[in-house]
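Just below is one structure, and these are the notes that go with it.
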Amino acid sequence: MAEVKTHSFDAIIVGAGGAGLMAALYASREVNVAVISKLYPTRSHTGAAQGGIGAALGNIEEDRWEWHAYDTVKGSDYLADQDAVDVLCKEAIDTVIELEHMGLPFDRFPNGKISQRRFGGHTNNETGKPVQRACHAADRTGHMILQTLYQQCIKNKVNFFDEFHVVDLIRVGDTVRGVVAVEISTGDFHVFHSKAVLFATGGWGRCWEVTSNAHSLTGDGAAICVRRGIPMEDMEFFQFHPTGIYRLGILITEGVRGEGGVLLNSKGERFMEKYAPSIKDLASRDVVSRAIFLEIQAGRGINGENYVHLDITPETVNKYLAEAGESRRITREYVEAKLPDIADFTRTYLGVDPVKEPMPIQPTAHYAMGGIPTDVDGRVVLDQNNKVLAGLYAAGECACVSVHGANRLGTNSLVDLVVFGRRSGVHMAQYCKEAEKLPLPKNPVDEVMAEFDRIRNGSGGAKPYELRKQMQKTMTDNVGVFRTDETISKAVDDLRLLRAEYNRNIQIDDKGARFNTDLLEAWELGCLLELAEITAVSALNRTESRGGHARDDYPKRNDVDWLKHTLCFSENGKLRLDYKPVVIGRYQPKERVY
Amino acid sequence: MKVDLRVRRFNPEKDQKPWWGEYTLEKVRATDTVLDLLHRIKWEQDGTLTLRRSCAHGVCGSDALRINGANMLACKTLVTRLTKDNNYARIQVEPILGMQIIKDLVVDMEPFFDHYRSVMPYFVNDNPLPANGRERLQSQEDRARFDDTTKCILCAACTSSCPSFWANEKYIGPAAIVQAHRFIFDTRDEAFEERLEVVGDTFGVWRCRTNFNCSNACPREIEVTRAIAEVKMALTTGKI
Ligand SMILES: Cc1cc2nc3c(=O)[nH]c(=O)nc-3n(C[C@H](O)[C@H](O)[C@H](O)COP(=O)(O)OP(=O)(O)OC[C@H]3O[C@@H](n4cnc5c(N)ncnc54)[C@H](O)[C@@H]3O)c2cc1C
Ligand code: SF4
Ligand code: FES
């Protein structure tokens, strides 16, 4: 049996993406913190974020945080909690300024201020026209945020445990006592004893076939919480980003459309004029993804295939700018300067030069609106009355505050990371100063170690890769951009069979201790299966269409019955659904028109 | 097409010394990446094959490998780039050089990150913040000055292709210098002198023999050699 080492800290942060690092910077000023990450921090998927971070700085035209809040609520299809949205949009402004003060190299306007561009769903509420709100550093804004935060953590001597894979939460009744992790390079189990734990482990796009998400985005933190009795909120709402590279899923930022790019079908029609007459290609993501899907279904995909074109060539863009009566024109050099990484991706992976020809795109599984339920200080809440589990926190994509409701606006995840990462870090530090450290239970690693032994020694012949492929297929076919009772039911059945197979017959090749990624990937598959089933079951019960959850059999939003958050509990191997009210503030639900 | 792969294997738990694993893959698309191929081996043939990867599109820096003798990211290298034949390719994959092997294609990155941390890779400016509570201003020209070196993803392709680093692993290497450059040439940063002192040390920039391996290896197309030359110039003239 592998050796078990024990470490002691005030607070443990699991995950070193934007959310985890922001929390670490704040918490570590006050108390003794360790950040545990299965990847080197700079490999986190926050580094893949491209287009921008939204904040109503008003650097080039009038803007107000209240407009940002309204756009967010409308984008969410009125499912976001409006008190939390106010916090997000108000604090977005000084957090973005704070990032600049930390040295983040934003692009600049000629006047030296942070450069801002248009993005889907962000508008001037008086004119209804798109507003320049997305602060950016070329098309690698997330990379710059991740690098800057990590740099500041080095400066502030934050403790890191890199390439440690957290596999369990130590919960005793309504208290937390720390986490269990595997040191990847040796295979040893470690216990991290603490007063508080924050999960910031990112999303789970790998439940689907075509995704913008990294291989490592397997929802570990959320799945661990489910196993320790914490419900998942609003899991039926998963965002399909309209513009992933055809077949590969690699993201093409909405910034392309923010800079003037347009979507075209096989007839060369700018079809978004039909679906969103006012802001067209810059409608919110659920709307655009559905439009693409419908165009393809009607036989207007390019060459009859499952994709359409995204065109940022100056010829096309300038034609439409002129048509709209705008004086702005773009050049090839401008596209190269503003979207260098996008140009590199399409040249590398498709051999397509985006300044000369259109890019083939299709919707790609992108972002989890749902997740671990929290309040605005990142505290995890356990039920419909928002009962707090003291000492447990979640932030970033794995958390559901909820500020994104049924559909997230572009640029709002990066804001979410830094705003709620900061708030969680501050709150957690305060908590640690007041709370006592409770003793560890006996043998805290036994349960998860037994699960690892089961996977390592399994001989039933079920290969993780095969099971994963089948899960991804059924999620794509049946719980994708559009769903019905029939398709979702099919997915639920498939997933139950796959989980049974996983629990009985999993078999891997690598029986060793050191850097056993065969074993860890198999364990991650267990997390994905857990979350996929919760997603499908939550989706089946919601008999309406709202934001990212679009049902052919219930095409309308139904506020009378469904203006509420889903909570899904896993109890003795069975899933149970419950609901909690949405916090409404200034904005009463009304029909969404773009 | 058909691809024959030779992959350098070494598991210190069982192997006395490294060996070559030989694998044949059918039905490979010309547009598949080397990472796709390694995944197919791992998932379809031999789950013990070990490598690092995450993003799969060249932005996280996990999978710098030595492919047919040159450093590149496996996920950004398409099979077409490695063959002229439409039906066949022969591809050799090894871990990057100059670093301790942990298992198969995975090397110990700690010394690399130690060099990185040694150059004060963080923004320093203790002056009072703008009184209006807003951002510090920076002109577009000043911002452009260090744009290239902000792109670095710390993949180590450059450092592990550098003969000076192979000769002496105490040399901080091109990646660390790129990181130093990013701050030295940022007009907002104030630690100019301290940072120059670190990179001007015996194991700093002067070990560079301008051999250009680093620039050729960089998957982010950073002009690494030029960045190093600019740092040398700043050291000589004391100006940026
Ligand atoms: C291609 C792409 C482009 C995007 N562009 C934008 C954009 O322009 N604007 C915007 O607002 N949003 C964007 N998003 C969304 C946004 O980037 C993500 O939602 C966000 O970065 C998630 O950050 P995070 O800190 O929650 O998690 P991540 O950055 O995903 O980090 C997760 C961390 O958790 C660690 N981890 C996970 N599991 C474990 C475990 N078991 N043990 C230990 N550590 C673990 C990982 O090592 C990692 O450090 C984009 C997303 C993608 C995929
Ligand atoms: S400079 Fe280029 S090759 Fe070197 S570490 Fe950075 S990205 Fe990799
Ligand atoms: S897997 Fe991220 S760079 Fe290749």
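If you read the protein sequences in the order shown, they are chains A and B.
Here the first sequence stands for residues 1009 to 1602, where the numbers follow the numbering used here.
Here the second sequence stands for residues 15 to 254, where the numbers follow the numbering used here.
Glycine included, every Cβ here is placed at the ideal spot set by N, Cα and C.
Nearest to residue i (by Cα), restricted to the options the options
i                       : options                           : result
residue 1602 of chain A : A:1041, A:1085 and A:1053         : A:1085
residue 139 of chain B  : A:1151, A:1112 and A:1144         : A:1112
residue 1596 of chain A : A:1058, A:1020, A:1023 and A:1082 : A:1082
residue 228 of chain B  : B:205, B:244, B:192 and B:213     : B:192
residue 1237 of chain A : A:1183, A:1019 and A:1468         : A:1183
residue 1542 of chain A : A:1567, A:1467, A:1496 and A:1527 : A:1496
residue 1571 of chain A : A:1067, A:1087 and A:1070         : A:1087
residue 1263 of chain A : A:1277, A:1283, A:1214 and A:1348 : A:1348
residue 1573 of chain A : A:1242, A:1475, A:1381 and A:1377 : A:1242
residue 1160 of chain A : B:118, B:160 and B:137            : B:137
residue 60 of chain B   : B:43, B:38 and B:85               : B:38
residue 1176 of chain A : A:1207, A:1436 and A:1147         : A:1207
residue 1590 of chain A : A:1026, A:1052 and A:1092         : A:1092
residue 1454 of chain A : A:1197, A:1394 and A:1107         : A:1197
residue 1373 of chain A : A:1249, A:1451, A:1404 and A:1432 : A:1249
Cβ-heavy atom distance, residue i to ligand 3, below 7 Å
i                       : result
residue 77 of chain B   : yes
residue 67 of chain B   : yes
residue 88 of chain B   : yes
residue 70 of chain B   : yes
residue 1154 of chain A : no
residue 1528 of chain A : no
residue 52 of chain B   : no
Residues of its chain near residue i, where Cβ-Cβ distance is below 8 Å and the 5 sequence neighbours each way are ignored
i                      : result
residue 111 of chain B : 80, 174, 175 and 180
residue 217 of chain B : 182, 184, 185 and 186
residue 24 of chain B  : 31, 32, 33, 115, 117 and 118
DSSP bridge partner residues for residue i (one or two, in chain order)
i                       : result
residue 1546 of chain A : For residue 1546 of chain A, which the question treats as bridged, DSSP gives no partner whatsoever.
residue 1373 of chain A : A:1219 and A:1248
residue 179 of chain B  : Answer is none; residue 179 of chain B lacks a bridge partner.
residue 1240 of chain A : A:1576
residue 1045 of chain A : A:1170
residue 33 of chain B   : B:23
residue 1689 of chain A : Nothing about residue 1689 of chain A can be read from this structure; chain A reaches only from 1009 to 1602.
residue 1135 of chain A : For residue 1135 of chain A, which the question treats as bridged, DSSP gives no partner whatsoever.
Nonlocal neighbours in the same chain, by C-beta distance under 6 Å from residue i, ignoring five residues either side
i                       : result
residue 1009 of chain A : Because the pLDDT at residue 1009 of chain A is just 47, under 50, the model does not fix this residue reliably, and the point stays unresolved.
residue 16 of chain B   : 40 and 102
residue 1126 of chain A : 1138, 1140 and 1266
residue 84 of chain B   : none
Contact set for residue i: own chain, Cβ-Cβ below 7 Å, skip 5 residues either direction
i                       : result
residue 245 of chain B  : 191, 194, 195, 198, 213 and 219
residue 236 of chain B  : 162, 163, 165, 166 and 192
residue 70 of chain B   : 49 and 89
residue 1191 of chain A : 1172 and 1198
residue 1041 of chain A : 1017, 1018, 1019, 1021, 1032, 1035, 1166 and 1167
residue 239 of chain B  : 224, 226, 228 and 229
Proximity test, residue i beta-carbon vs ligand 2 heavy atom, cut-off 7 Å
i                       : result
residue 74 of chain B   : no
residue 222 of chain B  : no
residue 1316 of chain A : no
residue 984 of chain A  : This structure leaves residue 984 of chain A out entirely; chain A is present only between 1009 and 1602.
residue 1093 of chain A : no
residue 168 of chain B  : yes
residue 192 of chain B  : yes
Check: residue i C-beta below 7 Å from any heavy atom of ligand 1
i                       : result
residue 1211 of chain A : yes
residue 1228 of chain A : yes
residue 1375 of chain A : yes
Of all the residues that make up the segment 1356–1370 of chain A, which are near chain B by a beta-carbon distance shorter than 9 Å? Listed by position, the residues of the segment 1356–1370 of chain A near chain B (Cβ gap below 9 Å) are 1356, 1357, 1358 and 1359.
Where the segment 1109–1132 of chain A meets chain B: residues whose CB sits under 9 Å from a CB there: Those would be 1109, 1110, 1111, 1112, 1113, 1114, 1115, 1116, 1117, 1118, 1119, 1120, 1121, 1122 and 1123, in chain order.
What are the residues of the segment 1015–1030 of chain A that lie near chain B, defined by any Cβ-Cβ distance shorter than 8 Å? For the segment 1015–1030 of chain A, which is checked against every Cβ of chain B, not one residue is closer than 8 Å.
Contact list for the segment 120–141 of chain B against chain A, Cβ threshold 9 Å: For the segment 120–141 of chain B, which is checked against every Cβ of chain A, the residues closer than 9 Å are 120, 122, 123, 124, 127, 130, 131, 134, 135, 136, 137, 138 and 139.
Of all the residues that make up the segment 71–102 of chain B, which are near chain A by a beta-carbon distance shorter than 8 Å? For the segment 71–102 of chain B, which is checked against every Cβ of chain A, the residues closer than 8 Å are 71, 72, 73, 74, 75, 76, 90 and 92.
Interfacial residues, the segment 60–71 of chain B to chain A, with Cβ spacing under 7 Å: Correct list: 60, 61, 62, 64, 67, 68, 69, 70 and 71.
Using a Cβ-Cβ cut-off of less than 7 Å, list which residues of the segment 1080–1111 of chain A approach chain B; keep chain order. Per Cβ criterion, the list reads 1105, 1108, 1109, 1110 and 1111.
Check distances from the C-beta atoms of the segment 1214–1246 of chain A to those of chain B and list, in chain order, the residues that come in under 8 Å. Taking 8 Å as the cut-off between beta carbons, the residues of the segment 1214–1246 of chain A near chain B are 1222, 1223 and 1224, in sequence order.
Select from the segment 1150–1171 of chain A all residues with a C-beta closer than 7 Å to any C-beta belonging to chain B, and list them in chain order. Within the segment 1150–1171 of chain A, the residues whose Cβ lies closer than 7 Å to some Cβ of chain B are 1151, 1152, 1159, 1160, 1162 and 1163, listed in chain order.
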